[in-house]
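Quick look at the structure:
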């Protein structure tokens, strides 16, 4: 659960694209399917939902344990890179290359390329890859993707080290095509803690019947959070994720309002008066006729909301 922020720890202004969903996170099915090298720490760590952690006295037989992807010092031509298969294909609006705790071993430069594959590759990385480099067979298989020719989302850009005040390297993306895979390039080697890929899911609506019930706000169908009043303990975009929430942190939870009265009272009709409210605005993935709404308060015991009001904002569309 997030720590309460103070004036001393308040971060700088964050980019608007952080409102969007992380299309690469392991919780939505994102996975790393290839990496040139994973000597110190496996590339799969890039897509963990949990924030990276640092354990000062933790070591493996290959060196210092790190909660991220870290390659060995390059002693061969080229640079290190990996292929990420998005859990939800869609349009990408921005990325966060997080170098947390990599303060003397982060890559000086990075770039990101985008691929759109009709069929996902058949190869995948299995098991603990610590201490492993790509085999000849893996290099041959990945070469067939010609990922080096994929268009760039982020050109070669400087990467800041993993100190608290600069570890989040945000890159805004202006790329209007649907993306299924990413190639993350580090130059030439080093360590990256997390890769967050913020965007909007895209589905093929031509294959969906007009009479079929569809969750119009689901992450997979292009639903997106457009704004909110408070997200102190959990972001409202969590509510449109895949499946049921794993715990309270996997939902939307606001801070308790500081303007709440010292004592709550009831009115003449016996209705409890609780002033103020919190709100979130969502954009649907497609126009539609809403027939039912489900609000899941699983895990929220003692902190659940008491009432909900829905307001619809319509725009012209063809149904």
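Residue numbers (my numbering): 6 to 324.
Each residue gets a CB set at the ideal place from its N, CA and C atoms; glycine is no exception.
The model shown is predicted, which means the values in this text are computed figures rather than measured ones.
- When DSSP states are grouped into helix, strand and coil, residue 212 belongs to the helix group.
- For residue 285, there is no enclosing alpha helix (DSSP H); the enclosing beta strand (DSSP E) covers residues 285-288.
- Collapsing the DSSP output to three states places residue 173 in a strand.
- In its chain, beyond the 5 residues on either side, 269, 270, 271 and 272 have a beta carbon closer than 7 Å to the beta carbon of residue 278.
- Between residue 109 and residue 33, the C-beta gap is not smaller than 9 Å, which leaves the two residues out of contact.
- Going by DSSP, residue 143 is part of the alpha helix (DSSP H) stretching over 141-148.
- Within a 10 Å sphere around the beta-carbon of residue 314 sit fewer than 16 other beta-carbons, which makes this residue exposed.
- Between residue 227 and residue 99, the C-beta spacing is not below 9 Å.
- Secondary structure in the stretch 84-138: no alpha helix (DSSP H) run of 4 residues or longer lies completely within the stretch.
- Apart from the 5 residues on each side of it in sequence, residue 173 sits with its Cβ closer than 6 Å to the Cβ of 101 and 103 in its chain, given in chain order.
- When secondary structure is reduced to three states using DSSP, residue 71 falls in the coil class, being assigned neither helix nor strand.
- If you look at residue 230, you'll find it in the beta strand (DSSP E) that goes 229-233.
- Assignment of residue 225 by DSSP, reduced to helix, strand and coil, places it in the helix class.
- Put simply, of 105, 117 and 139 the residue whose alpha carbon is nearest the alpha carbon of residue 77 is 139.
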